[in-house]
Structures are given as structure tokens and as C-alpha cells.
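Under this note's numbering, the first residue of the sequence shown carries the number 4, and numbering increases by one thereafter.
The beta-carbon is built from N, C-alpha and C at its ideal position, and this holds for glycine as well.
It should be emphasised that the depicted structure is a prediction, and the values quoted were computed from it without experimental measurement.
Take a look at the structure set out below.
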Amino acid sequence: STIDSSIPPLKPIYEPKDASAPRNESPKLAKLISTLQLQQHIEGGYFVETDRDVNRVPNPFLNASPSAASNEQTTFYTSTGAVSANLSNKLTEVDPDKNKDASKGEKTRNASTSIHYLLTPESPMGAFHRNRGRTIHTLHRGRGRYVIIHADEVLPSYDTHSGIRGKARVETFIVGHDVEKGERLQWIVDGGKYKSSFLLPLEGEEKDGDGLLISETVVPGFEYSDHDFMRVERLEALVTKEQADEMRWMLRK
Ligand code: GUN
4 STIDSSIPPL KPIYEPKDAS APRNESPKLA KLISTLQLQQ HIEGGYFVET
54 DRDVNRVPNP FLNASPSAAS NEQTTFYTST GAVSANLSNK LTEVDPDKNK
104 DASKGEKTRN ASTSIHYLLT PESPMGAFHR NRGRTIHTLH RGRGRYVIIH
154 ADEVLPSYDT HSGIRGKARV ETFIVGHDVE KGERLQWIVD GGKYKSSFLL
204 PLEGEEKDGD GLLISETVVP GFEYSDHDFM RVERLEALVT KEQADEMRWM
254 LRK
């Protein structure tokens, strides 16, 4: 893999379908979807909001861009260690959403929201997107792979192709129950990072798995105005050409 030499290239195990294509879930998954009252998610997969805290907190994202969820600092890795820099003007060149007024002036937010989220063989991928809020994920069932693009952590300019700056750190890990093999039961994604996920079969299982069922809690609570999808131009600006080639299938169609 161009992302992590210890793993094979990222490729779909279960082919993602068009959003409009009919889905033919197994009886077991169809029952789970109806029991939990899951709806199709625009990212792919299914979800239901299980909690929305009525307690409201000051909106921490007022006048903030999605790429700078908690601060305007970008971390660079150099031979002598990590350094941070205020890059607010340079980032504008590679972040077309930078000046988008996405916070819409809401003065407060629900303190947190929680969802169940399910990937299935018929809807096996959550497309690359980011949220301003920090998300805590917990595994219930199944196995999957996550890919995180740390748009706020820029590596040295090993690829000068873009001519603007270095490339973002890309991270990938498996979520699953085999903790002895390094699979994760819980994972945290800070605000402003791009995230994608896809279903993996259980060890020894063929392609008729029971899906990947997790819970996610976002702080402060989820709002569409904090959410946006990765576009192909942004992916190509953030990572090397080889990495983009490996990850393009994880973009929303
Ligand atoms: N509505 C649409 N997508 C989401 C989401 O990811 N979380 C919550 N809480 N609500 C949503």
C-alpha cells in the first residue's frame, strides 16, 4: 500500500453501489435495520440518532472553518520533530471551503449527540467526509477499516507536485474484536480530519458478513453545517498521486 507498507492496497472487499441502486440486505441485517429503526445515511451505511443532549453549550465553531475545527495551527513534521505554525493564509490556497460561512451564526449547540452506524455488504462504505466536532466511536459487532486524512498535520514536502506545501498524514487501522492483533474497540477522530470506513469480513468469514455495527458520539452535537464531504480536488491536493489513486473509490459518488 502507498499509505502503509505493512498492509495490502486499500480496495473494496464489498463493491459500493450507487446511492440510488436497490439494496438487498440479508434477512438478518434487514431485521437489525428495522429493529434499530436505521435510516440510509448520505455517507453510505445506515444510522439512527439515539441521543441528542437538550443541554446546550456555546457554539465553539462560530467563525471557524471546517479545516480548523479547534484551532488554526497546522503541525509540520521535520527531521528535528513536530512544529506548529499558523497557516491560515496558506491553507486558503488548498482549502476551497476555507471561507465558507458554515456556522450560520448559531450561538449554541446541543452538548452531544449519539448514533448507531451500520455498514453492510450492500452498503459497505462510509465516504470521506469531515465534521467540526470530535467523534468517539465504539464497536459493537463486526470488523472494518478506517482511513483518516489528517488535513491539519502536514508532512515534509516529499512530494512537490502540488507546488504549494507538503502532504497530509494518512492513517489507517482495523476496528474489530481481536484486540490481541491490534484491532480497535474504540477510536477517536478529532474535528477537522477526513474520515472514511469500509466493511471487512470477519477472520475466516466469506463475503456474507453480518455487518459492522458501531456507536458514535459527537461533541458538541451533530449539525449538517459542521459536516462536509471530501471532493476529488481536495483529496488530490492533500495526498500524493499514488495515495489519491488508492483512495479515490472512497469518495462519495
Ligand atoms: N443526521 C445525519 N447524519 C447524522 C450524523 O452523522 N449524526 C447525527 N447525530 N445526525 C445525523
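So residue i and residue j are supposed to be a Cβ contact under 8 Å. How far apart are they, rounded?
i: L13; j: D213; result: Between D213 and L13 the Cβ distance is about 22 Å, and since that is not below 8 Å, they are no contact.
i: D231; j: R133; result: 6 Å
i: G145; j: L188; result: About 12 Å; that fails the 8 Å criterion.
i: V51; j: L39; result: 6 Å
i: L202; j: T138; result: The Cβ separation is near 19 Å, so there is no contact.
i: R251; j: L238; result: 7 Å
i: L158; j: R172; result: 6 Å
i: P19; j: G47; result: 7 Å
i: L216; j: H119; result: 7 Å
i: L121; j: L41; result: 6 Å
i: K256; j: D54; result: Between D54 and K256 the Cβ distance is about 30 Å, and since that is not below 8 Å, they are no contact.
i: E156; j: S4; result: About 19 Å separates the two Cβ atoms, so there is no contact after all.
i: K170; j: T220; result: Going by Cβ atoms, the distance from K170 to T220 rounds to 30 Å, so no, they are not a contact pair.
i: N62; j: E109; result: 5 Å
i: D229; j: F64; result: 6 Å
With which residues is residue i paired in a DSSP beta bridge?
i: G194; result: The partner list for G194 (beta bridge, DSSP) is empty, contrary to what the question assumes.
i: P12; result: DSSP, once it has assigned bridges, lists no residue as partnering P12.
i: I217; result: Y120 and L142
i: F232; result: H132
i: Q189; result: T141
i: R202; result: According to the sequence displayed, residue 202 carries Leu and not Arg. Paired residues: G147.
i: Q42; result: F50
i: V182; result: In DSSP, V182 forms no bridge with anything.
Could you give the residue range of the beta strand (DSSP E) that holds residue i?
i: R26; result: First-last for R26: undefined, no H or E at that position.
i: V157; result: R146 to V157
i: A130; result: M128 to N134
i: E52; result: Y49 to R55
i: A171; result: A171 to V178
i: N113; result: T111 to N113
i: V60; result: R59 to P61
What are the boundary residues of the alpha helix (DSSP H) that residue i is part of?
i: E249; result: K244 to M250
i: R237; result: V235 to L241
The stretch 151-160 contacting the stretch 185-197, beta-carbon criterion three pairs below 8 Å: Segments in contact, yes.
Assess contact between the stretch 176-184 and the stretch 125-132, defined as three or more Cβ pairs (one per stretch) separated by less than 8 Å. Is contact present? In short, these stretches do not touch, since the Cβ pair count stays below three.
I'd like to know if the stretch 217-224 and the stretch 114-124 are in contact, where contact means that at least 3 CB-CB pairs between them fall below 8 Å. Judged by Cβ distances under 8 Å, the stretch 217-224 makes contact with the stretch 114-124, as three or more pairs qualify.
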